[in-house]
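Enquirer: Quick note, the sequence shown lines up with residues 1113 to 1489 if you use the working numbering.
Note that CB positions come from ideal geometry on N, CA and C, so glycine has one too.
Sharing a structure below in structure tokens format, with a few things to ask.
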Amino acid sequence: MDLTHTPEEDDFRARLRAWLAEVLPTLPPPPSPDDWPGRRAYDLGWQRRLHDAGYGDVHWGTSPTVRLIFLEETERAGAPYVGASFVGLLHAGPTIAAEGTEAQRERWLPPILRGDEVWCQGFSEPGAGSDLAALRTRAHRDGDHYVVNGSKIWTSHAEVADWCELLVRTDPGAPRHRGISWLAMRMDAPGVTVRPLRTLAGSTEFAEVFLDDVRVPVAHRVGAENDGWRVTMVTLSFERGTAFVGEVVACHRVLRELAAEARRNGRWDDPALRRALGRLYAEFRALWRLTQWNVGEAEHGGGVPGVTGSVLKLAYSHARQRLYDTAADVLGTEALDLDRPWVLDRLSSLSYTIAAGTSQIQRNIVAERILGLPKGR
């Protein structure tokens, strides 16, 4: 694997770094975490700045290596996170770019890139748990529309979204992995009801979504009817393979900050804590090298991350939890203060072994698709 960069890639890094240094000091302060309309406007405003500067299409209009450089540099510079644009930029957009028709790409990609529209993800269901293929939301054909009934849960950014990447069962008689379709559904369509969910950390970035006779044009299906499981695997390959890249870089920054705080408050004298920080540093360096490996594999696979994204997602989820458990050790009794840095991050880290496919699911994927082990009975 060649980890060196071309002159063009080095030039891209230098130009991006200079632009960030110029623009970031001019940004207004972010809104309150509870102000979702304000957060939507702030996140879309940042995406519009990126678009106007020529960086809007970096998530799917460039090579995986350039995408990695972009995520690395923006995180290191402390640029705003994608926020409400997460699903559109990192899930739905890349999927439509890879699997959509020319008309679909022309309709949906420019508004995502310009920061005009927000997407949410309608995959999980209350009765399916970790088994995504057990979804029961139904869609039957009625002329040139599907009529959709069912419900979704943990729907990211649903309360401020314009569109939803929606998985539905279009052939209940087919084997469960073969009767699924991937639809793009407007969130303001009649019959869509959104009920926000409050997380352990107090935020409401997830919601329940109820669908009652919602009509979705057949033209909004990405991929063939009943081929949605394959399209979904493309979506999940982006979600697991590249969506966490910026967060891996952020964890390096948190480690440095934890070491500085431990020196300040006297916890640095504890050899067990220093050992834990050193081990985490080694883990995140290894995760960064794994990220580079995945990017190299994607370069040779048409830009779509491979199954090794599950290795990254699995290892990163648990490393992140250990990182913030160590942060609690650094803070001591102040780890109970929700206003202290890292405390809410520790609470949110608990979800990482569930989101984007549970750790149990990732272990199955690694065992069966990478190691070639037999399926469990």
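Give me the Cα-Cα distance between Asp1236 and Ala1246, rounded to the nearest whole angstrom.
Expert: Going by the sequence as given, residue 1236 is Ser instead of Asp. Approximately 10 Å between the Cα atoms of the pair.
Enquirer: Check each candidate in Asp1324, Leu1323, Asn1338 and name the one with the smallest Cα separation from Val1330.
Expert: Asn1338
Enquirer: Count the other C-beta atoms from every protein chain shown that fall within 10 angstroms of the C-beta of Glu1134, then say buried if there are 16 or more, exposed otherwise.
Expert: exposed
Enquirer: Which of the three DSSP states is assigned to Met1299 in this structure?
Expert: coil
Enquirer: Below 8 Å on the Cβ atoms is my contact criterion, and I expect Ala1440 with Arg1458 to pass it. Report the Cβ-Cβ distance as a whole number of Å.
Expert: 6 Å
Enquirer: Excluding the five sequence neighbours on either side, which residues of its own chain have a C-beta within less than 8 Å of the C-beta of Leu1426, listed in chain order?
Expert: Ser1471, Gln1474, Arg1475, Val1478.
Enquirer: Just to confirm before moving on: does the CB-CB distance between Leu1244 and Gly1168 stay below 7 Å?
Expert: no
Enquirer: Going by DSSP in three states, Gly1444 sits in which element: helix, strand or coil?
Expert: DSSP places Gly1444 in helix when its eight states are reduced to three.
Enquirer: Cβ of Gln1433 within 7 Å of Cβ of Ser1463?
Expert: no
Enquirer: On the three-state DSSP scale, how would you describe Asn1261?
Expert: When secondary structure is reduced to three states using DSSP, Asn1261 falls in the strand class.
Enquirer: Going by alpha carbons, who is nearest to Lys1264 out of Asp1283, Pro1140, Leu1323?
Expert: Leu1323
Enquirer: Among residues of its own chain, excluding the 5 on either side of Glu1446, which ones have a beta-carbon nearer than 7 Å to its beta-carbon?
Expert: Arg1452
Enquirer: Would you kindly check if the distance between the Cβ of Glu1218 and the Cβ of Ala1362 is under 7 Å?
Expert: Contact flag unset, no.
Enquirer: At which residues does the alpha helix (DSSP H) containing Arg1151 begin and terminate?
Expert: 1148-1164
Enquirer: On a Cα-Cα basis, can you pick out the residue from Val1260, Tyr1428, Asp1437, Glu1121 that is closest to Trp1360?
Expert: In the sequence as displayed, the identity of residue 1360 is Val instead of Trp. When only C-alpha atoms are compared, the closest one is Tyr1428.
Enquirer: Which whole-angstrom value is the C-beta distance of His1203 and Glu1271, which I expect to be below 8 Å?
Expert: Actually they do not touch by this definition, with Cβ atoms about 17 Å apart.
Enquirer: Could you give the C-beta distance for Val1423 and Leu1450, rounded to a whole number, given that I count them as a contact under 8 Å?
Expert: Incorrect: roughly 33 Å between the Cβ atoms, too far for contact.
Enquirer: Out of curiosity, what's the CA-to-CA distance linking Val1304 and Pro1142?
Expert: 30 Å
Enquirer: Assuming Leu1399 and Ala1372 form a contact by the criterion Cβ under 8 Å, report the distance between their Cβ atoms to the nearest whole angstrom.
Expert: So it is not a contact: roughly 22 Å between Cβ atoms.
Enquirer: So, helix, strand or coil for Pro1329, using DSSP?
Expert: Of the three classes helix, strand and coil, the one that applies to Pro1329 here is strand, per DSSP.
Enquirer: So the candidates are Ala1394, Gly1166, Val1334; which of them puts its Cα closest to the Cα of Leu1493?
Expert: For residue 1493 there is no data in the structure shown, the boundaries of the chain being 1113 and 1489.
Enquirer: Could you name the residues that DSSP lists as bridge partners for Gly1234?
Expert: Leu1278
Enquirer: What does DSSP give as the partner residue(s) for Leu1309 in the beta ladder?
Expert: DSSP, once it has assigned bridges, lists Phe1318 as partnering Leu1309.
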